[in-house]
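Novice: To start, I am sharing the structure in question, which I have written as structure tokens.
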Amino acid sequence: MNPAETKIAFVGLGLMGVPMAHNLLKAGYQIHGFDLNPSVAEKFAGITQFQFASSPAQAVEGSDVTILMLPDSAIIDAMLWGGNATLGVAEKLKRGSYLIDMSSSSPISSKENNKKLAAMGIHFVDAPVSGGVKKAVDGSLAIIVGGEIDDFNACLPLLEKMGKSIVYVGDAGAAHAVKALNNYVSASGLIAASEALNAAEKFGLDPHIVNKVFNASTGRNNTTENKVENFMLNEAFNSGFSLALMRKDLQIALGFIEGMGCYSSLAKQCVLTAQAADEQLGKSADHTAMYGFVKSQS
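Numbers given in the working numbering equal positions in the sequence shown, counted from 1, plus 350.
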């Protein structure tokens, strides 16, 4: 894909989508972007390669590649296929073009979308990301990719402008399955660290020292290494990833695990804990505020 000759539709310009789009623009790609928040267009002011579309349909029409960075599969499916007497944008996609779903979507929904789009001559690739806003900004995201191997190879140069670790994991839907499981393992570590540090503090221990021990021992995880000191013990709770999205990710993972007929006791409890915290703290809460929620319960 020659950047100068490749038109990209980027639908979903939120905290992650904006820096990802900027990295594509820096590489020379042309972008027609859309987001429900029109003020996001100001973040691309003065960039001639970027145009803000008035609708998803306008953004995707004539595009060589459509990238989705949206909250969940329900929103994606409604946008693609329509509903409630509204038409979806799938019919606007150019035959032979690529649709790259970089959202944290349902693996089951992704497999179904792949089948429908393939019948229309559209190449579907699922490419969810991990790493947060910081890595989205510097273009070092971890990107998990599923789809036909030829489609992966075609999209790789574009993905390399947004990520550093790019791993192909299998057929369409496989990447969203791996991402859901990764998010479950990460979220369970956050909940466990929150409960453990709260108990340590109740006992009279310095949680900073306890976390230092965790990081030198087998309890080390992404939360203990990157979140406890930076966002949790100082009660900043501003990592940039919402509790509501963590809850959603856990629900996707639980649905997938149960759909595979597998044991899911811990996953069920994590969903219940995330649900309780989300309902108490509200939609604006950061996922690291789980620590504050845990403390408030005892």
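All C-beta atoms, glycine included, are put in the ideal place defined by N, C-alpha and C. Nothing here was measured: the structure is a model prediction, and the numbers come from that model.
For alanine 492, which three-state DSSP category applies?
Specialist: strand
Novice: By the DSSP assignment, the beta strand (DSSP E) with phenylalanine 402 in it spans what residues?
Specialist: 400-402
Novice: Rounded C-beta distance between proline 478 and lysine 529? I'm assuming under 8 angstroms.
Specialist: 4 angstroms
Novice: Within the continuous alpha helix (DSSP H) that includes valine 361, where are the two ends?
Specialist: Where valine 361 is concerned, there is no enclosing alpha helix (DSSP H), although the beta strand (DSSP E) it sits in stretches over 357-361.
Novice: Just verifying my parser: in three-state terms, what is the DSSP assignment at glutamine 601?
Specialist: helix
Novice: Can you tell me where the beta strand (DSSP E) holding phenylalanine 384 begins and where it ends?
Specialist: 380-384
Novice: What runs of the beta strand (DSSP E), each 3 residues or longer, lie entirely inside the segment 500-544?
Specialist: Given a length threshold of 3 residues, each whole run of the beta strand (DSSP E) inside the segment 500-544 is given here in chain order: 513-520.
Novice: Going by DSSP, name the residue or residues bridged to aspartate 476.
Specialist: Asp451, Gly496
Novice: Could you have a look at valine 439 and say whether DSSP puts it in helix, strand or coil?
Specialist: coil
Novice: Apply the 10 Å Cβ neighbour rule to glutamine 625 and answer buried if 16 or more other Cβ atoms are within range, or exposed otherwise.
Specialist: With fewer than 16 Cβ atoms within 10 Å of its Cβ, glutamine 625 is classed as exposed.
Novice: Measure the C-alpha to C-alpha separation of glycine 482 and glycine 590 and round it to an integer number of angstroms.
Specialist: One C-alpha to the other measures close to 7 angstroms.
Novice: With H, G and I counted as helix, E and B as strand and the rest as coil, what does DSSP make of leucine 418?
Specialist: It is a strand residue.
Novice: Confirm, please, whether the CB-CB distance from lysine 357 to glycine 412 is below 9 angstroms.
Specialist: Against a cut-off of 9 angstroms, the Cβ pair of lysine 357 and glycine 412 comes out as a contact.
Novice: Could you compute how far the alpha carbon of valine 415 sits from the alpha carbon of proline 369?
Specialist: 18 angstroms
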